[in-house]
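At position 14 of the sequence shown the residue is numbered 14 (UniProt numbering), and the sequence of numbers has no breaks.
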Amino acid sequence: MTDHIFDESPHSYLFTVRVWEEATGNGESEWRGKVQLVTTGETRYFREWPALLPLLLTMLSELNSEAESQL
């Protein structure tokens, strides 16, 4: 019965997200980050929080396109 649950959701991806604060000068800093697809090691970077979600959506879209082309 549990195997059937996995069949309904075939595309699942595991990412790690690392964020850190980096000094930019004049006593100011900004948040930066790294997103890595665990299974392949593909890594992308972002410089502002609002960029994180679009980056993940782009990576997921690319992964789904690759998965569909292999069917």
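By construction, the Cβ of each residue, glycine as well, lies at the ideal position given by its N, Cα and C atoms. On a predicted model such as this, the values are computed, not experimentally measured, just so you know.
CA nearest to the CA of residue i, picked from the options
| i | options | result |
| --- | --- | --- |
| G33 | W20, E42 and G27 | W20 |
| F15 | V35, E28 and W31 | V35 |
Inter-residue spacing [alpha-carbon to alpha-carbon] between residue i and residue j
| i | j | result |
| --- | --- | --- |
| R18 | Q70 | 30 angstroms |
| V41 | N26 | According to the sequence shown, residue 41 is Gly rather than Val. About 35 angstroms. |
| E22 | T39 | 28 angstroms |
| T24 | Y45 | 17 angstroms |
Rounded distance between the beta-carbons of residue j and residue i, thought under 8 angstroms
| i | j | result |
| --- | --- | --- |
| L63 | Y13 | 6 angstroms |
| R47 | E28 | That belief does not hold up - the Cβ atoms of R47 and E28 are roughly 13 angstroms apart, past 8 angstroms. |
Strand pairing of residue i, partner residues [DSSP]
| i | result |
| --- | --- |
| W49 | In the DSSP output, where bridge partners are listed per residue, W49 has none listed. |
| E21 | W31 |
| T43 | Q36 |
Close beta carbons around residue i, own chain, < 8 angstroms, minus the five adjacent residues each side
| i | result |
| --- | --- |
| L60 | Y13 |
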